[in-house]
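S.K.:
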Amino acid sequence: NAGVTQTPKFQVLKTGQSMTLQCAQDMNHEYMSWYRQDPGMGLRLIHYSVGAGITDQGEVPNGYNVSRSTTEDFPLRLLSAAPSQTSVYFCASMGSPGQSLEQYFGPGTRLTVT
Amino acid sequence: AQKVTQAQTEISVVEKEDVTLDCVYETRDTTYYLFWYKQPPSGELVFLIRRNSFDEQNEISGRYSWNFQKSTSSFNFTITASQVVDSAVYFCALRGGNNRKLIWGLGTSLAVNP
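Residue numbers (our numbering), protein chains in the order written: chain U, 7 to 120; chain A, 3 to 116.
(1) Pairs of beta-carbons, one from the stretch 89-100 of chain A and one from the stretch 63-76 of chain A, closer than 8 Å: are there three or more?
(2) Contact defined as beta carbons within less than 8 Å: I believe A:W68 pairs with A:V6. What is the distance between those atoms, to the nearest angstrom?
(3) How would you write the range of the beta strand (DSSP E) that A:E12 sits in, first residue to last?
(4) Mind pulling the beta strand (DSSP E) runs of 3 or more residues that sit fully within the stretch 21-102 of chain A?
(5) Can you tell which of U:G9, U:S102, U:G46 and U:F16 has the C-alpha that lies nearest to the C-alpha of A:L108?
(6) List the residues that DSSP assigns as beta-bridge partners of U:A98.
(7) Listed from N- to C-terminal order along the chain, which residues in the stretch 43-54 of chain A have their beta-carbon within a distance smaller than 7 Å of any beta-carbon of chain U?
(8) For A:D24 and A:S89, what's the separation of their Cα atoms in angstroms?
(9) Between A:E58 and the rest of its own chain, which residues show a CB-CB distance below 8 Å, the 5 nearest in sequence each way excluded?
(10) Could you pull the start and end residues of the beta strand (DSSP E) that U:T76 belongs to?
(11) Taking 8 Å as the threshold (beta carbon to beta carbon), is A:K72 in contact with chain U?
(12) Report the three-state DSSP secondary structure of U:S90 (helix, strand or coil).
(13) Compare the beta carbon distance of A:E19 and A:V86 with 8 Å and say whether it is the shorter of the two.
(14) Starting from the beta carbon of A:K40, find every residue of chain U whose beta carbon is closer than 9 Å, and list them in chain order.
(15) Note down, in chain order, every chain U residue with its Cβ under 9 Å from the Cβ of A:K5.
(16) Using the C-alpha atoms, what's the distance from U:P81 back to U:N68?
(17) When you compare only the Cα positions, how much space is there between U:D62 and A:R102?
(18) Below 9 Å on C-beta distance, what does A:K18 contact in chain U?
(19) Does any residue of chain A have a CB that is nearer than 8 Å to the CB of U:Q31?
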């Protein structure tokens, strides 16, 4: 099992550009989520999904879109990048209650918006 | 409301010292789960332990031990005979009942100096 994979690892964008951060998991987990991590602010939930076709907003959803067309993939789209979106982004997955109770994380994507 | 507090922002110790990282939580759920994650300088988030609210037994894994006390709403993490490789940011997190979302503390940055 590869676990949770994220691409790219590093990305530099100019203000106003759009891009998609990819996330995939091969553990057949129902739950997937995106976090951003900023210094001194811990991990903040952007969007999450409890299954294919179902997504919902976390605490900092503005400027981001997600979709979940398959169980495996949960891409995060930045519609029009802003310097405030400079951050490290983590994707995580978790199985059903009988499967696993903890979240497993991808390696992260370090995004810089200039 | 649910909340996780890690009062220690930064801790610095000398190798071989014992160190305890504090975690205090708030929840109204009768069933909940507590977690510790480690984020080494390389940046990935590594799951360390999960503790269920109905199991107050303390746990030891090598040099790591966890003390869960419902009476004080605390889930503290002790590293015995610390090593330089223990240098990392450690996060405590809470998940309540059937809620899949994790509530995160802001993390404690541990520096173990040779």
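Beta carbons: idealized from backbone N, C-alpha and C, even for Gly.
M.R.: So, from the listed chains and residues:
(1) no
(2) The Cβ separation is near 15 Å, so there is no contact.
(3) E12 to V16
(4) 21-23, 26-28, 34-41, 48-54, 61-63, 66-71, 76-81 and 90-98
(5) In this structure, U:G46 is the residue among U:G9, U:S102, U:G46 and U:F16 with its C-alpha nearest to the C-alpha of A:L108.
(6) U:S39 and U:F111
(7) G45, E46, L47, F49 and R52
(8) For A:D24 and A:S89, the gap between their C-alpha atoms comes out near 16 Å.
(9) Scanning its chain for C-beta atoms nearer than 8 Å, with the 5 sequence neighbours on each side dropped, one finds around A:E58 the residues F70, Q71 and K72, in chain order.
(10) Counting along the chain, U:T76 falls outside any beta strand (DSSP E), and DSSP gives it neither H nor E.
(11) no
(12) helix
(13) no
(14) Within 9 Å of the CB of A:K40, no CB atom of chain U is found; the nearest one sits about 11 Å away.
(15) In chain U, no part has a C-beta under 9 Å from the C-beta of A:K5; the shortest such distance is about 12 Å.
(16) 15 Å
(17) 12 Å
(18) In chain order: nothing, as chain U lies at least about 29 Å away.
(19) No, U:Q31 lies away from the interface with chain A (no Cβ there is under 8 Å from its Cβ).
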